[in-house]
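Residues 290 to 461, numbered by the working numbering, are exactly what the sequence shown covers, in order.
Backbone N, C-alpha and C define an ideal beta-carbon position, used for all residues, glycine too.
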Amino acid sequence: MSEHIHLVPLHHVSVTDAAAWHRVVAASAAHDTPGTPPPEPASIHARLTTPALDSHRLTWLATGADGAAVAVAALRLFTSPGRDHLAELELHVDPAHRRRGTGSRLLSAAVAACRTESRRSLVAAAAADGPGEAFCRRWGFRPAMTLDHLLLRLGDTDGPARRPTADPPATG
């Protein structure tokens, strides 16, 4: 099924843009990593509007025919010596709008920006065995590192019996 998608580069991220971005990321995270809380809206807004250390960011919002956000992409372009060949991609597609070419269009925009910025390497993170990993493999990404994320829900602990104890201070 094909749908009309409009890619909008975001030069100045508004509160409305950040809220739309959060809706896409929350839907993507709920589908791809169930049980893991999505980032808070304020965190998304800060990440999109605060300059990153030793880098700058390009962002795109993909909207459907009705103007609603269906996918997002951010490309972090590192500027420090020794890392200025590198870019890092974050790409999310709302699960209801996947398998229609939107993620591929966003990736193409990011790759074009990498070439314009003389980047040689593009890194991305994806949940193991999920749709993001399959998407990345289809486009020629290769695994470089595996990370395990562990989550402790503090509200689920039942007081002192479950609290870890600290090692005694070292002498000397």
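Please classify residue i: does DSSP put it in a helix, a strand, or coil?
i      : result
Phe430 : coil
His386 : helix
Pro340 : coil
Glu406 : coil
His311 : helix
Leu396 : helix
Ala415 : coil
Leu443 : helix
Pro420 : helix
Ala401 : helix
I need the straight-line Cα distance from residue i to residue j, nearest angstrom please.
i      : j      : result
Met434 : Val302 : 31 Å
Ala351 : Pro384 : 14 Å
Cys471 : Ala354 : No answer is possible for residue 471: the residues shown for the chain start at 290 and end at 461.
Thr368 : Thr460 : 44 Å
Ala337 : Gly390 : Per the sequence shown, residue 337 should be read as Leu rather than Ala. Each residue's alpha carbon lies about 24 Å from the other.
Ala415 : Cys425 : 8 Å
Thr339 : His345 : 10 Å
Leu440 : Ala363 : 25 Å
Arg394 : Arg427 : 14 Å
Glu379 : Gly444 : 30 Å
Val361 : Ser397 : 13 Å
Going by alpha carbons, who is nearest to residue i out of the options?
i      : options                   : result
Ala358 : Ala316, Pro370 and Leu441 : Ala316
Gly371 : Arg408, His320 and Ala331 : Arg408
Thr348 : Ala401, Thr325 and Ser410 : Ala401
Gly429 : Gly419, Leu441 and Val412 : Val412
Val304 : Arg346, His293 and Ser332 : Ser332
Ala335 : Pro323, Leu296 and Trp310 : Trp310
Applying the criterion that 16 or more other CB atoms from any shown protein chain within 10 Å of the CB defines a buried residue, is residue i buried or exposed?
i      : result
Val314 : buried
Gly356 : exposed
Glu377 : buried
Leu299 : buried
Arg431 : exposed
Asp418 : exposed
Met290 : For Met290, the predicted model reports a pLDDT of 47, less than 50, meaning its position is unreliable; a value from the coordinates is still stated below. Burial call: exposed.
Quick one: does the C-beta of residue i sit closer than 7 Å to a heavy atom of the ligand GTP?
i      : result
Thr348 : The ligand content of the structure shown is nil, which means the ligand GTP is not present either.
> Taking the runs of the alpha helix (DSSP H) that are 4 residues or longer, which of them lie wholly in the stretch 321-374?
Replying inline: 330-338
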